[in-house]
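Enquirer: The following block contains the structure, expressed as structure tokens.
2 protein chains.
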Amino acid sequence: MGVTDFFDPDGIAVIGASKTPGKLGNDAMTNIRSYDGDVYPVNPSSSGSVYGYEFVESVADTDADLALCCVPSPVVPDVLEECGEAGVGAAVIFAGGFAEVDEDGQELEADVVRIGEEYDMTVLGPNTAGYCIPHLDLYGSFVPQIREVETGNVALVAQSGGVGITSSFQFDREEYGVSAMFGLGNRANTGFAELIPVLDDDPQTDAIALHIEGTEDIDAFFEVCRNAETPIVAYKAGSEDLSEFVQSHTGAPIQDRATYEETLAGEGVVFVDSVTELLDASRAIADTPTPAGEHVGVVTAQAGPGIIIADELNERGAVFPDLDDDTQARVDDLLQGITYTENPVDTGRPLPEFGQVIDAVARDDNVDIVIVYEIYEDSLGYPVEELETLSEEVDKPILFTVAGPDSFEEERLEMEAFGIPTFQAPERGAHAVAALIDSISDDA
Amino acid sequence: MGVTDFFDPDGIAVIGASKTPGKLGNDAMTNIRSYDGDVYPVNPSSSGSVYGYEFVESVADTDADLALCCVPSPVVPDVLEECGEAGVGAAVIFAGGFAEVDEDGQELEADVVRIGEEYDMTVLGPNTAGYCIPHLDLYGSFVPQIREVETGNVALVAQSGGVGITSSFQFDREEYGVSAMFGLGNRANTGFAELIPVLDDDPQTDAIALHIEGTEDIDAFFEVCRNAETPIVAYKAGSEDLSEFVQSHTGAPIQDRATYEETLAGEGVVFVDSVTELLDASRAIADTPTPAGEHVGVVTAQAGPGIIIADELNERGAVFPDLDDDTQARVDDLLQGITYTENPVDTGRPLPEFGQVIDAVARDDNVDIVIVYEIYEDSLGYPVEELETLSEEVDKPILFTVAGPDSFEEERLEMEAFGIPTFQAPERGAHAVAALIDSISDDA
Chain L
33 MGVTDFFDPD GIAVIGASKT PGKLGNDAMT NIRSYDGDVY PVNPSSSGSV YGYEFVESVA
93 DTDADLALCC VPSPVVPDVL EECGEAGVGA AVIFAGGFAE VDEDGQELEA DVVRIGEEYD
153 MTVLGPNTAG YCIPHLDLYG SFVPQIREVE TGNVALVAQS GGVGITSSFQ FDREEYGVSA
213 MFGLGNRANT GFAELIPVLD DDPQTDAIAL HIEGTEDIDA FFEVCRNAET PIVAYKAGSE
273 DLSEFVQSHT GAPIQDRATY EETLAGEGVV FVDSVTELLD ASRAIADTPT PAGEHVGVVT
333 AQAGPGIIIA DELNERGAVF PDLDDDTQAR VDDLLQGITY TENPVDTGRP LPEFGQVIDA
393 VARDDNVDIV IVYEIYEDSL GYPVEELETL SEEVDKPILF TVAGPDSFEE ERLEMEAFGI
453 PTFQAPERGA HAVAALIDSI SDDA
Chain C
33 MGVTDFFDPD GIAVIGASKT PGKLGNDAMT NIRSYDGDVY PVNPSSSGSV YGYEFVESVA
93 DTDADLALCC VPSPVVPDVL EECGEAGVGA AVIFAGGFAE VDEDGQELEA DVVRIGEEYD
153 MTVLGPNTAG YCIPHLDLYG SFVPQIREVE TGNVALVAQS GGVGITSSFQ FDREEYGVSA
213 MFGLGNRANT GFAELIPVLD DDPQTDAIAL HIEGTEDIDA FFEVCRNAET PIVAYKAGSE
273 DLSEFVQSHT GAPIQDRATY EETLAGEGVV FVDSVTELLD ASRAIADTPT PAGEHVGVVT
333 AQAGPGIIIA DELNERGAVF PDLDDDTQAR VDDLLQGITY TENPVDTGRP LPEFGQVIDA
393 VARDDNVDIV IVYEIYEDSL GYPVEELETL SEEVDKPILF TVAGPDSFEE ERLEMEAFGI
453 PTFQAPERGA HAVAALIDSI SDDA
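Respectively, the protein sequence lines represent chains L and C.
Quick note: the first sequence uses my numbering, first residue 33, plus one each step.
Quick note: the second sequence uses my numbering, first residue 33, plus one each step.
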């Protein structure tokens, strides 16, 4: 029993399963089909089968230890009671209409908490879009096409299921995936404090990305963040001015961003300012080694975007060290008579030597992190070979900001494949580097 | 003669044209082929033809009034002199190695300025990637595939050609285009003050996007911005700390962002903080009516992302008015028993009634701007019909933040086609709304 039942359920019951397309109980069935164990559509008023699975009258007739509850809030307590009686270890409650709406809802949610406790049952939600673990073919959600989201090495834990879903799809659209995504919703008995330790132990997860609105037991939250060995990137949404709207959503307590940032400062938890930054920072941290320091080498094929990157990094506390004499000599030799060979190195336009320039800067002991910017030209391509060698021989983060016509996509994905994170706008690359610098914890 | 020669040249000379792929003089030829007038590859040491155009010995042998100079800096003055003698009205100088590098370069650039003046010749650059005007099939640049950039209604004027190019490609990747793109480089005699008035008069241009590093005649810059009737969005890059790198690039004077923002405050010029925001804000302002005020109606199908949007807008001075009684009654009727029907309106999940909810909020007199958020579900799709009607009947900005699997792309482009700007991340939609609010000038 417990959170791990979300990872390796021995049979899944879909309570309130439906044959009718567009109904929540049908959407949940479409997503769960990829699960290779037993699936039990539970619905006393349905007969026959849905997607090849025979309907059963009650969860009592199943061997499921995970239940996806697709029923409206008023009947949730009874359904959950039956789950407990049937030996279900974990349940997902999609329905809204609980603590986030009114006092009746708060009573309903209290029942959910009590029943979860009584049967030692882990409850995700209520008021959540669910969860998914692509590498286990588990898509416990009613959101159509969530099963298109592929496997990656970042785990998303979102207080809002909607944010978890939209973030997963944004990862997917940019050709990445997730190791897991959990939408917490109202957090009856499963919140950050329960999930972070499990994801910290998950070999598929190299970074944990959090969307936070507010947490009741904030000390427990800080505790698990401090104890996690897996890097954590957090985006705190929901300002005090919006308290009414925020509370109406997940009943989250109102807490300001500063409380979180100040408490976890120097603990290796990185805070970011948007969903896009949350995804970019998580990918960069998951895919690259922890930098030894904040000394950044910038190599750009076009000075203007290089200035933008240096400017953003400068505002966020990065340092641009002088290259050591050997490096400088090598760069000057490669860039005869070119504008600006000191860090930031500006090659003026893409050149056949571009990869060697990156190589020289990346091997410089003064440099902890390398960020590259280049507008793609088909005749030259990106310096994929040099970067592959560097990713094997140099234990530093090397990030590549891509630009140009769509034709760079193939080489972008090649670079991603051997651990060079890529970013599609100058500020996105710069913010990812800033996140890497923030990820250096005091005790590192 | 003058800037307009960039728009309707009567014959184009490519000086230093080459048959060798990868050479700048060859790349420029590949791009200029789409021009339907006479093209003259000029190269005394080449014979025969390139891409079907016969080589000529000298610009004197041509009737060109636009010259693309693909020659290295030392010979630029002589080449420019010949252009002047040949009656060329406008020239683009791609080469670097002028005022941005050293004293010799400064002398070379002084020659360029002098010759331009002597022959009343408009010079773009030196040290620029050039320009393009897609709706006129004019691609005066050496950057391969710039000719893939299609026609849009935003004109980009970038102090850095590289930023102009990368911004144009970013527009193109998101299925937009540009009305024109000019990379200024060193601004021998063509800068913001010369181009903004011309673009202000350009019927193809509905908004002007500026990338600024620093301008010599800042008063002239402020003057043209104040006088322009076309909305202007500006991104000022290059902080004081980076002066050496910035100056080495375009020899731009060091000016801080505040100087620009304070001087143009209330003049209807919108300042943004990144390239992505520059593109998003320009599109939103180009495609929607100027809002009557800062009262924003938020309609979201998922509360979490709605909170993020409201949060971002709240920080940027937006106001979320109460809906008037009739609107509220209509919304409540549409959303029986749903979480949160007041502004921000949260429908809990996508519904068939979603479009009617947007309709109700958009027609509310208390609302000046509408921002919508919805994760796409194939079974429901986006409320395209309702939005098309609204775009015809309601004279307010309506923005739509899209999310979900790629399958929304078709309906996203439909909405774009009838003037509903779309954005692919919550913060991008919020920042676009903030830009619309900033675009309300004091005298509006």
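We put the beta carbon where it would ideally sit given N, CA and C, even for glycine.
Here the structure is a predicted model, which is why all the values come from computation and not from measurement.
#1: Are the CB atoms of C:P337 and L:V195 nearer to each other than 8 Å?
#2: In angstroms, rounded to a whole number, what distance separates the CA positions of C:E261 and C:D232?
#3: On the criterion of 16 or more Cβ atoms from any shown chain inside 10 Å, does C:S66 qualify as buried, or is it exposed?
#4: Using only the alpha-carbon positions, how far apart do C:D478 and C:T222 sit?
#5: Going along chain L in order, which residues have a C-beta closer than 9 Å to the C-beta of C:V477?
#6: Using a Cβ cut-off of 9 Å, pull out every chain C residue sitting near L:E245, in sequence order please.
#7: Quick check: the Cα distance between C:H463 and C:S314, rounded to an integer number of angstroms?
#8: Is the region 390 to 399 of chain L in contact with the region 361 to 368 of chain L, if contact means three or more CB pairs nearer than 8 Å?
#9: What residue does the alpha helix (DSSP H) around C:S423 start on, and which one ends it?
#10: Could you tell me which residues DSSP puts in a beta bridge with L:C164?
#11: Nearest chain L C-beta to C:D138 closer than 8 Å, yes or no?
#12: Below 8 Å on the Cβ atoms is my contact criterion, and I expect C:V302 with C:T154 to pass it. Report the Cβ-Cβ distance as a whole number of Å.
#13: Spatial neighbours of C:Q456 within its chain, please: C-beta separation below 7 Å, excluding the five flanking residues on both sides.
#14: Can you tell me whether C:D378 is helix, strand or coil according to DSSP?
#15: Look at C:A225 and C:V181 and say whether their C-beta atoms are less than 8 Å apart.
#16: Can a CB atom of chain L be found closer than 8 Å to the CB of C:N63?
#17: Alpha carbon to alpha carbon, what distance is there between C:M213 and C:Q191?
#18: Can you check DSSP and say which residues form a bridge with L:L100?
#19: From C:V111 to C:L422, what does the alpha carbon distance come to, in whole angstroms?
#20: Looking at L:Q138 and L:A131, is the spacing between their C-beta atoms short of 8 Å?
#21: For C:E114, which option in C:A99, C:P437 and C:P104 has the closest C-alpha, if you only look at C-alpha atoms?
#22: For a cutoff of 8 Å on Cβ pairs, would you count L:A476 as touching chain C?
#23: Here's a check: name, in chain order, each residue in its chain whose Cβ is nearer than 6 Å to the Cβ of L:Y85, leaving out the five neighbours to either side.
#24: I'd like to know if L:N221 contacts chain C, where contact means its C-beta is closer than 8 Å to some C-beta of that chain.
#25: Which residues of the region 406 to 435 of chain L have a Cβ closer than 7 Å to any Cβ of chain C? Give them in chain order.
#26: Rounded to whole angstroms, what is the Cα-Cα separation between L:A123 and L:G329?
#27: Here's the rule: buried if 16 or more other CB atoms are within 10 angstroms of the residue's CB, otherwise exposed. What is C:N75?
#28: How about L:L366: is its Cβ closer than 7 Å to a heavy atom in the ligand GTP?
#29: What does the alpha-carbon distance come out to for the pair L:A449 and L:D305?
#30: Please compile the residues from chain L whose C-beta is within a distance smaller than 7 Å of the C-beta of C:E180.
#31: Should L:A49 be labelled buried (16 or more other beta-carbon atoms within 10 Å of its own) or exposed?
#32: In whole angstroms, what separates the C-alpha of C:G387 from that of C:F39?
#33: Determine the direct distance from the alpha carbon of C:T332 to that of C:I339, and round the result to whole angstroms.
#34: Give the single residue among L:S271, L:E294 and L:E293 whose Cα lies nearest to the Cα of L:I286.
#35: Report back the beta-carbon spacing between C:A101 and C:I47 to the nearest angstrom; my notes put them in contact at under 8 Å.
#36: Look at the alpha carbon of C:V402 and the alpha carbon of C:L431, and state the distance between them as a whole number of angstroms.
Expert: Concretely, from the data shown:
#1: Against a cut-off of 8 Å, the Cβ pair of L:V195 and C:P337 comes out as a contact.
#2: If you draw a straight line from the Cα of C:E261 to the Cα of C:D232, it comes to about 7 Å.
#3: exposed
#4: There is simply no residue 478 of chain C to check, as chain C begins at 33 and stops at 476 in what is shown.
#5: Because chain C is modelled from 33 through 476, residue 477 of chain C falls outside the range shown and cannot be assessed.
#6: G336 and I339
#7: 11 Å
#8: yes
#9: V416 to E425
#10: L:Y171 and L:M213
#11: It should be noted that the sequence gives Gln, not Asp, for residue 138 of chain C. Contacts with chain L at 8 Å (Cβ-Cβ) do not include C:Q138.
#12: At roughly 28 Å, the Cβ-Cβ gap does not stay under 8 Å, so C:V302 and C:T154 are not in contact.
#13: If we look at C:Q456 and ignore the five residues flanking it on each side, its Cβ neighbours are V434.
#14: strand
#15: no
#16: So, not an interface residue.
#17: C-alpha separation (whole angstroms): 11 Å.
#18: L:V46 and L:V124
#19: 56 Å
#20: yes
#21: C:A99
#22: Confidence is the limiting factor: at L:A476 the pLDDT is only 47, short of 50, which leaves the residue's position unreliable, though a coordinate-based value still follows. So no, L:A476 is outside the interface.
#23: Within its own chain, the residues whose Cβ lies closer than 6 Å to the Cβ of L:Y85, once the five positions on either side in sequence are excluded, are V71 and P73, listed in chain order.
#24: no
#25: I407, E409, D410, S411 and A435
#26: 49 Å
#27: buried
#28: The ligand GTP is absent from the structure shown, which contains no ligands of any kind.
#29: Each residue's Cα considered, the two are about 27 Å apart.
#30: P437
#31: buried
#32: C:G387 and C:F39 have their C-alpha atoms spaced approximately 43 Å apart.
#33: 9 Å
#34: Per the Cα distances, L:S271.
#35: Reading off the sequence, residue 101 of chain C comes out as Cys, not Ala. Approximately 5 Å separates the beta-carbon atoms of C:C101 and C:I47; this is inside 8 Å, confirming the contact.
#36: 6 Å
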